[in-house]
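Below is one structure; the comments refer to it alone.
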Amino acid sequence: MAHAHESNTKRIWLVFGILSLVTIVEVALGMAKPAALHHTNLFGMNILNWIFIILTLFKAYYIVWAFMHMEGETKSLRRSVVWTAVFLILYLAFILLVEGHYVFGVFKNSTIKWNF
Amino acid sequence: MGATVTANTVGKVWGGANEPLGASYGKLMMWFFILSDALTFSGFIVAYGFSRFKFIETWPIADEVFTHFPFMHGQNLPLYYVALMTFILIFSSVTMVLAVDAGHKMDKAKVAFYMFLTVVGGLIFVGSQAWEWKNFIQGEYGAVESKGGSILQFVNSKGERLKLSEVAVTLPEERVQHKKSNGIWFSDEATLPSYSVNEVLAGFKANKDVLIRIETIYSEDTKEIKGIHPTLNKEKHKIVLNRAESEARLATAKDVVEGANLQKNEYGSKLFADFFFFITGFHGFHVFSGVMINLIILLNVLLGTYQKRGSYEMVEKVGLYWHFVDLVWVFVFTFFYLV
């Protein structure tokens, strides 16, 4: 093993605290849905949704780094797992969401009625 | 760099002693499996995103779909239950890490205890998932489906949702469900809804206060839709129609829909139900298999297999899988319930 195994119970509970706190913030925002964030549009989505996605990625970082102990793995392992996932997912999301938005426009502006 | 392999390591390259990325064979393979599984889940979630973007103006609003909490009947409580489920899963991730941590100290009793808690957490989560499915399948208010396949829901003059039972009247008619046992032997039909279309229509005609709510969400782009109710509509809420347009829409009613399944969905877009069942089902299946694998490892811990082996790395490997299941849930939570 490239990394030493020392007990880190304290850190585990700290990460649990962080994840819980972020979840509570997400739920609070989801309940309140402040109009200043919700009724906006930034790059095709409202700011509230962007906040949710960023908080989710924040949680994902802690789960992978602390719980799955990615921080203790070698740089090469970290990169081959994380970069592969990140690039492929970003690519897939970009292609499909742009396409979905386009199809929405086609349906909306077409002469064929679909929603009746 | 390939040419710099020195003579004294060459013999070990294929012997199993070599750890290319500083991780053991099993751990590395677990990481590769997790990576491929992550891409599978991304495929599903992005497909959900595609369908949602395609029907962005008519997609169901999650807060209106998942509103139940155990022992709190008839109250509108979105997000709380799923947040609780998220906590349960995160907590079972914590106990898993604690088991791995105890494994590093070769503390058999502690590993077993924390593995046990992890299994319990997983089972509670799967049970909660089942309850969530039950509510979704059962539905709450019921709706009518038009000939064009869109969902028409009922509200009163204040814009509050009405159940089918509050709208429909009982007519002296009876329709027997067509089963294989009582009709044509090679075909049957789904369970009949509590009310027929005629009963709902008759109830709607009798009560002038009832209005129709359609799938389209009210916004700058949709406020030109014909027959929108002048006062009841709010930004980012489903459109309520005025009485005249409600009557016109209801004239095309074809089916009464109660709850959700793979063919019908009283909450709106059928794709929403399809993706919900498929993605949370696939995730639930992962949790279930995780619980099973954790049980097997727990059994091995109790038998002292890893104590004899001198390493609790097996616990680490199943731990990786278990955290991954938690990781996926974090994303499902966001994309199905929050966004």
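Sequences listed follow chains E and D, in order. Sequence positions in the first sequence follow the numbering used here and run 1 to 116. Sequence positions in the second sequence follow the numbering used here and run 117 to 455. Virtual Cβ for every residue (Gly too), placed ideally from N, Cα, C.
Listed in chain order, the non-local C-beta contacts of F182/D below 8 Å within the same chain comprise P194, L195, Y197, V198, E248, N251, F252, Y453, local neighbours out to five positions each way being set aside. Residue state for F449/D is assigned as helix, using DSSP reduced to three classes.
Within chain E, the residues F52, I53, T56 have their CB atoms less than 7 Å from the CB of T450/D, given in chain order. Here H439/D really is in contact with S209/D; their C-beta atoms are around 5 Å apart, less than 8 Å.
In the structure shown, A259/D adopts extended strand secondary structure according to DSSP, grouped into three states. Using beta-carbon distances, K224/D does not count as an interface residue toward chain E, since no partner is under 9 Å. Across the segment 80 to 99 of chain E, CB contacts with chain D closer than 8 Å involve S80, V81, T84, A85, L88, I89, L92, A93, L96, L97, E99, in sequence order along the chain. Here the C-alpha atom of E289/D lies approximately 14 Å from the C-alpha atom of L317/D.
In the DSSP annotation of this structure, A367/D is not part of any beta strand (DSSP E), being labelled neither H nor E.
The straight-line gap separating the alpha-carbon atoms of L387/D and S158/D is approximately 17 Å.
Of the other Cβ atoms in all chains shown, fewer than 16 fall within 10 Å of the Cβ of N109/E; this residue is therefore exposed. Non-local beta-carbon contacts of V235/D in its own chain, meaning distances under 7 Å to residues more than five positions away in sequence, involve V407, N410, L411, L414 in chain order.
At least one beta carbon of chain E lies nearer than 9 Å to the beta carbon of I172/D. Within chain E, no C-beta atom comes nearer than 9 Å to that of I355/D; the closest sits roughly 11 Å away. For L29/E, a Cβ of chain D is located within less than 9 Å of the residue's own Cβ. An exposed status is given to T40/E, since fewer than 16 other beta-carbon atoms sit within 10 Å of its beta-carbon.
Counting every other CB atom within 10 Å of its CB across the protein chains shown gives V444/D a total of 16 or more, marking it as buried. Per the coordinates, the alpha-carbon of E26/E lies some 12 Å from the alpha-carbon of F447/D.
Within the segment 338 to 423 of chain D, the complete alpha helix (DSSP H) segments at least 4 residues long are 359 to 366, 386 to 419, listed from N- to C-terminus.
Within chain D, not a single residue places a beta-carbon under 9 Å from that of A32/E; the smallest gap is close to 11 Å. V235/D: member of the alpha helix (DSSP H) spanning 224 to 254, first to last residue. For the segment 356 to 373 of chain D, the set of residues with a beta-carbon nearer than 8 Å to any beta-carbon of chain E comprises T368, in chain order. By the neighbour-count definition (other C-beta atoms within 10 Å, threshold 16), T211/D is a buried residue.
DSSP places F270/D in the uninterrupted beta strand (DSSP E) bounded by 267 to 271.
The Cβ of E71/E sits no closer than 9 Å to any Cβ of chain D. When the Cα atoms are used, Y257/D and V227/D turn out to be separated by approximately 47 Å.
Assignment of M188/D by DSSP, reduced to helix, strand and coil, places it in the strand class. Secondary structure at R79/E: helix, using DSSP grouped into helix, strand and coil. Take the alpha-carbon of K170/D and the one of H220/D: they are about 50 Å apart. Within the same chain, Cβ atoms closer than 8 Å to the Cβ of F232/D are found at L414, the five residues on either side in sequence being excluded. Neighbours of T9/E in chain D, taken as residues whose beta carbon is under 8 Å from its own, are L214, D217 in chain order. Looking from the CA of V271/D, the closest CA among L155/D, V356/D, G319/D belongs to V356/D.
For L21/E, no Cβ of chain D is located within less than 9 Å of the residue's own Cβ. Straight-line measurement puts the Cα of A322/D at about 43 Å from the Cα of M201/D. When rounded, the separation of the alpha-carbon atoms in K352/D and I333/D is 6 Å. With respect to F203/D, T111/E sits apart: the two C-beta atoms are not nearer than 9 Å.
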